[in-house]
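**Q** Numbering (numbering that gives the first Met the number 0), first residue to last: 0 to 312.
My structure is below; once you've seen it, I'll send some questions.
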Amino acid sequence: MTTTLERPAASPPPAPSGGVTTRSPRSEGWVRRAPLLPALVFTIVVTQIPFLLTIYYSFQSWNLVRPGSQHFVGFDNYVAVFTDSQFRGVALNTIIMTLGSVVIAVILGLLLALLLNRHFVGRGVVRTLLVTPFLITPVAAALLWKTTLLDPTYGLINFVLGGQTIDWISQYPLASVMAALVWQWTPFMMLLLLAGLQSMPGDQVEAARVDGAGAWSIFVELTLPHLRRFLELGIVLGAIYLVNTFDAVYMITQGGPGTASANLPFYIYQRAFLGFDIGQSAAMGVVVVILTIIVATFALRLVFRSFGAAGES
């Protein structure tokens, strides 16, 4: 006669002492996010609600100088936007202003970063002076260029050119605005690329020099590939900020002559606050926001993919 011994059932784990209860991972996540909820609510209130109202007004025909004219028109405002020749011209100005300013600022910033990456007496003072334009408010920088540098009678540029009386703002309005933007954004590109240069391993450069590589070969084969991520990041950030430029256009040229130097934010301002056409200006704003989101999304994916690949390697 055999008997089987049954094992006693495993007792449940003891409850945490002191009345402490364990939370699930989901509740722990909400506890960590709780301090950020006020900021999230504030962001939604000040950004998304006005954007929803802009979408609503874009489907309305509403001119402030005609009381009682507000009524629903569907997509008529969007059709008018895409068939407006001035809108297409201003969009082209925006592309030229944004891409031109960013590319020139990146090139100048790269040259200055290569200069400041060398050791010389007074490098700290030179670096501080070169960073100063980025610290000036955009309105003050625009007034500086309009009254001190580009003035046809008392401007420093005409003085340097031997007493010329060129009216830069009237003859070259778009270039005048771009010059102010390049002057202000070059220090940002310089700092970004200088950080990239200082993160470059020095042993690779020394090994290349030992192998007989010249300065140009080192720059093309080692420096530029290393700076690729920083160049992409600078171009993306510069384009995102400069596409929304308003103060430089407003202070220097007022978008003129005509719309020769107007960009999309300034043209929307003209239609809304000077032409009092709320419907079409709202439709323009929605179109600009959608196009900006599409371009920024693809650009940021490219940058994140580049940094992710660099981190994996």
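Cβ coordinates follow ideal geometry from the N, Cα and C atoms, glycine included.
1. Please work out which residues of its chain come closer than 7 angstroms, Cβ to Cβ, to arginine 122, disregarding the five sequence neighbours upstream and downstream, and give them in chain order.
2. Say whether the region 154-169 touches the region 125-134, bearing in mind that this needs 3 or more beta-carbon pairs closer than 8 angstroms, one atom from each stretch.
3. Considering only their Cβ atoms, is the gap separating threonine 53 from alanine 281 smaller than 7 angstroms?
4. Residues in the same chain with beta-carbon distance under 7 angstroms from serine 68, minus the five sequence neighbours each way, listed in chain order, please.
5. How many Å lie between glycine 254 and valine 176 at the Cα?
6. Is it true that the CB of alanine 141 sits closer than 7 angstroms to the CB of isoleucine 239?
7. Report the rounded CA-to-CA distance for leucine 149 versus aspartate 166, giving the unit in angstroms.
8. Nearest to threonine 97 by CA position, among Ile293, His118, Phe245, is which residue?
9. Can the beta-carbon of alanine 90 be found closer than 7 angstroms to that of alanine 179?
10. Hey, how far is the Cα of asparagine 262 from the Cα of threonine 185?
11. Distance, Cα to Cα, valine 294 vs glycine 278?
12. For leucine 71, collect the residues of the same chain with a Cβ closer than 7 angstroms to its Cβ; drop the 5 residues on either side in sequence, then sort them by chain order.
13. Near leucine 299, what residues of its chain come up, given a Cβ to Cβ distance below 6 angstroms and the 5 sequence neighbours on each side ignored?
14. Indicate whether at least one CB of chain D lies closer than 7 angstroms to the CB of phenylalanine 71.
15. For glutamine 59, name the three-state secondary structure that DSSP assigns.
16. Quick check on DSSP: helix, strand or coil for aspartate 75?
17. Less than 8 angstroms between the CB atoms is what I'm expecting for methionine 188 and glycine 108, so what's the real figure, rounded?
18. Using three-state DSSP, classify histidine 118 as helix, strand or coil.
19. Taking 8 angstroms as the limit between beta carbons, can you name the residues of its chain near glycine 284, skipping five residues before and five after?
20. Quick one: what does DSSP say aspartate 210 is sitting in, helix, strand or coil?
21. When DSSP labels each residue in this structure, what does aspartate 316 get in the three-state scheme?
22. Residues bridged to histidine 225 by DSSP?
23. Keeping to the same chain, check which residues put their C-beta closer than 8 angstroms to that of leucine 4; ignore five residues upstream and five downstream.
24. Which stretch, first to last residue, makes up the alpha helix (DSSP H) that contains serine 175?
25. Have a look at Arg227, Gly88, Trp182 and flag the residue whose alpha-carbon is nearest the alpha-carbon of arginine 304.
26. Between which two residues does the alpha helix (DSSP H) harbouring tryptophan 29 extend?
27. Classify aspartate 202 as buried or exposed, calling it buried when 16 or more other Cβ atoms lie within 10 Å of its own Cβ.
28. So, with DSSP's three-state summary, where would you put threonine 3?
29. Can you give me the start and stop residues for the alpha helix (DSSP H) that proline 256 sits inside?
**A** Taking the geometry as given:
1. Within the same chain, arginine 122 has close Cβ partners Leu115.
2. no
3. yes
4. Excluding residues up to 5 positions away in sequence, Ser60, Trp61, Asn62 lie with their Cβ nearer than 7 angstroms to the Cβ of serine 68 in the same chain.
5. 10 angstroms
6. no
7. Approximately 7 angstroms between the Cα atoms of the pair.
8. Phe245
9. no
10. 21 angstroms
11. 25 angstroms
12. Per the sequence shown, residue 71 should be read as phenylalanine rather than leucine. Around phenylalanine 71: Phe58, Gln59.
13. Excluding residues up to 5 positions away in sequence, nothing lies with its Cβ nearer than 6 angstroms to the Cβ of leucine 299 in the same chain.
14. Within the model displayed, chain D is absent; a lone protein chain is all it includes.
15. DSSP, read as helix, strand or coil, puts glutamine 59 in strand.
16. helix
17. 3 angstroms
18. In the structure shown, histidine 118 falls within a coil segment according to DSSP collapsed to helix, strand and coil.
19. Thr53, Ser57, Ile267
20. Residue state, collapsed to three classes: coil.
21. Residue 316 falls outside the range modelled here, since the chain spans only 0 to 312, and no answer is possible.
22. Histidine 225 is not bridged by DSSP to any residue.
23. With a pLDDT of 49 at leucine 4, under the threshold of 50, the modelled position of that residue is not reliable, and the figure given next carries that caveat. For leucine 4, where only same-chain residues beyond five positions count, there are no Cβ hits under 8 angstroms.
24. 172-197
25. Distance check between arginine 304 and each of Arg227, Gly88, Trp182 places Arg227 closest, using alpha-carbon atoms only.
26. 24-32
27. exposed
28. At threonine 3, the pLDDT of 48 sits below 50, so the modelled position is not reliable; the number obtained from the coordinates is stated separately. Threonine 3 falls in the coil class under three-state DSSP.
29. Segment: none, proline 256 is in no alpha helix (DSSP H) and carries neither H nor E.
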